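Numbering (this note's numbering), first residue to last: 10 to 529.
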């Protein structure tokens, strides 16, 4: 009932904005002589799974709808002082989501562990705030203080140097959702200086005073998480599987806001020889958990395995505990990198983008034969990665003019590569989702996106996806109906596959995507 009330209320807000909007044709609301500028997105997204084994469906679902998320993001720019000498603004963004699938399907609700259900199902606490910062501009200086989301990258689907903000993949996925929707804001001081040096150099520095937030990992039994594990020998005596216990413990072990967890970054941006380029440096904490190999096995046995054995013997459900000692760390590492973008007249005015990084002492666990169940050590290794993107527009003569109103087809192709140096075959990386085979120091992937508007730009066809030579792929055709500046209706079919058991990802989550959104 609560979800229905929230959804109805937001639709009413969207209707009122439509009626009261005084400047049609603009995807934003301007108030108080344009001293207040509001924009936002209201969405209802659903996944109807077409690929689900009968055992999972019978026990944990009444329908094939395993994702039904209502969400909104509303941002506002408030101009406090606006004069030629200086400007003082406040920028704020609020967001909310509510996952309705376990509300309407009680069997699906039972698939999601109690320990994570409320944390997963709706926005709470800091999740309600995307950004909130003071923005001060005077001459060539710009200073921002508050919770912010930083964009340093140029490529899609995979992140290379765009690593400042951790991501939340509990309810979203790159390629289907925008990066800005799944990034977590951090409190920071961020300043830029626009110099008069050759190349129009822009200097940027940011400092995060210990506001550490780990990456949010998918929840068991949900669309983006691992399937409910009926194969667990301790079912039904334990309330959830091994993955949930490990993920939840890692979340609890995250250090939180402490000054010793400071992070800082430097960036220089310039324009030289028709190339828009940046160089970046970052010193911070790894936002993915690293196992403390000496502590985890015994703690896991006494707090999980032993409980399962007792339950199997007594036939009674057991309560699972989390020890007070820290079992996961988030070590410090350093990164240098850069981006470059240019237009090549020689190659038909196509746009080329390059993004690269070099991580120093990036932390990895080691396990016997790279098995995450046999962790025995933690090591640091240097890692290099890059993404090269080509994008262009294509016209098909009379077809483009007649049916597409002159709107050309946008095509983008990106090649990713990553390599870990000083490699040994016990390094655990295949299960990280970074595209490595077990025992392989390198990974490669190709991503693409094709987009074409037709029918006076009211209908859009998009085909996006990625392919990894290990046999892992993501493919998603999408059709969108865009009747005006605000409403957008989308139907898609994301498909996943993998021939590698240790890197299978969402291999059995093929679904029909239904998405309705209102933008202002």
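Where a beta carbon is used, it is the ideal one built from N, C-alpha and C, also for glycine.
If you're wondering where the values come from, they're calculated on a predicted model, not measured in any experiment.
Residue from the options with nearest C-alpha to residue i
i, options, result
"residue 271", "215, 256, 251", "215"
"residue 300", "69, 112, 383", "383"
"residue 227", "90, 247, 180", "180"
"residue 237", "431, 65, 54", "65"
"residue 296", "331, 223, 314", "223"
"residue 562", "397, 341, 426", "Nothing in the structure corresponds to residue 562, since the chain is present only between 10 and 529."
"residue 86", "483, 514, 46", "46"
"residue 459", "478, 428, 419, 485", "419"
"residue 315", "251, 416, 174", "251"
"residue 232", "118, 325, 398", "118"
"residue 288", "472, 310, 348", "348"
"residue 476", "424, 430, 89", "424"
"residue 516", "146, 58, 257", "58"
"residue 502", "488, 492, 326", "488"
"residue 306", "323, 337, 379, 322", "337"
"residue 285", "356, 351, 346, 483", "351"
"residue 431", "451, 421, 422, 416", "451"
"residue 141", "82, 290, 69", "82"
"residue 268", "248, 275, 394, 217", "217"
"residue 182", "148, 61, 484", "484"
Buried versus exposed call for residue i [16 or more other C-beta atoms within 10 Å across all chains shown]
i, result
"residue 92", "exposed"
"residue 373", "buried"
"residue 446", "buried"
"residue 40", "exposed"
"residue 377", "exposed"
"residue 157", "buried"
"residue 465", "exposed"
"residue 261", "exposed"
"residue 28", "Legend: pLDDT at residue 28 = 32, less than 50; position of this residue unreliable, value from coordinates given subsequently. It is exposed - the Cβ of residue 28 has fewer than 16 other Cβ atoms within 10 Å."
"residue 535", "Residue 535 falls outside the range modelled here, since the chain spans only 10 to 529, and no answer is possible."
"residue 408", "exposed"
"residue 175", "buried"
"residue 294", "buried"
"residue 311", "exposed"
"residue 266", "exposed"
"residue 386", "exposed"
DSSP state of residue i mapped onto helix, strand, coil
i, result
"residue 89", "strand"
"residue 62", "coil"
"residue 333", "coil"
"residue 347", "strand"
"residue 68", "helix"
"residue 377", "helix"
"residue 204", "coil"
"residue 303", "coil"
"residue 43", "coil"
"residue 5", "With the chain covering only 10 through 529, there is no way to say anything about residue 5."
"residue 116", "helix"
"residue 284", "strand"
"residue 339", "coil"
"residue 460", "strand"
"residue 354", "coil"
"residue 77", "strand"
"residue 248", "coil"
"residue 449", "coil"
"residue 169", "coil"
"residue 187", "coil"
"residue 35", "The predicted model places residue 35 with a pLDDT of 42, which falls under 50 and marks its position as unreliable, so this point remains unresolved."
Start-to-end residues for the beta strand (DSSP E) that takes in residue i
i, result
"residue 402", "384-403"
"residue 484", "481-490"
"residue 141", "138-147"
"residue 595", "Outside the shown range of the chain, which is 10 to 529, sits residue 595, and nothing can be said about it."
"residue 173", "Looking at the DSSP string, residue 173 is not in any beta strand (DSSP E), and its letter there is neither H nor E."
"residue 419", "418-429"
"residue 127", "Element bounds for residue 127: not the beta strand (DSSP E) but the alpha helix (DSSP H), 123-130."
"residue 498", "496-501"
"residue 155", "150-157"
"residue 473", "468-477"
"residue 520", "520-528"
Extent of the continuous alpha helix (DSSP H) run through residue i
i, result
"residue 543", "This structure gives no information on residue 543, because the portion of the chain shown stretches from 10 to 529."
"residue 257", "251-262"
"residue 230", "Premise fails: residue 230 is in no alpha helix (DSSP H) and is neither H nor E."
"residue 408", "407-412"
"residue 322", "315-323"
Contact test: residue i Cβ vs the ligand SAM heavy atom, cutoff 7 Å
i, result
"residue 464", "Absence of the ligand SAM is noted for the structure shown, with no ligands found whatsoever."
Using a Cβ distance threshold of 8 Å, determine whether the stretch 205-212 contacts the stretch 276-293, with at least three qualifying pairs required. The stretch 205-212 makes contact with the stretch 276-293, as at least three CB pairs between them are under 8 Å.
At a cut of 8 Å, does the stretch 518-529 reach the stretch 495-502 through at least three beta carbon pairs? Contact annotation: the stretch 518-529 touches the stretch 495-502, with at least three C-beta pairs closer than 8 Å.
Contact the stretch 142-157 vs the stretch 184-200: 3+ CB pairs below 8 Å: The stretch 142-157 makes contact with the stretch 184-200; the number of CB pairs closer than 8 Å reaches 3 or more.
Per the contact definition of three or more C-beta pairs closer than 8 Å, is the stretch 97-112 in contact with the stretch 70-85? A contact between stretches requires three or more CB pairs, one per stretch, nearer than 8 Å, and the stretch 70-85 meets this requirement with the stretch 97-112.
Decide if the stretch 323-334 is in contact with the stretch 349-368; the criterion is three or more beta carbon pairs, one per stretch, under 8 Å apart. Taking 8 Å as the limit for Cβ pairs, the verdict is that the stretch 349-368 does not touch the stretch 323-334.
Measuring CB atoms only, is the stretch 402-411 touching the stretch 433-444, in the sense that at least three cross pairs come out at less than 8 Å? Touching, no, given that fewer than three Cβ pairs across the two stretches are closer than 8 Å.
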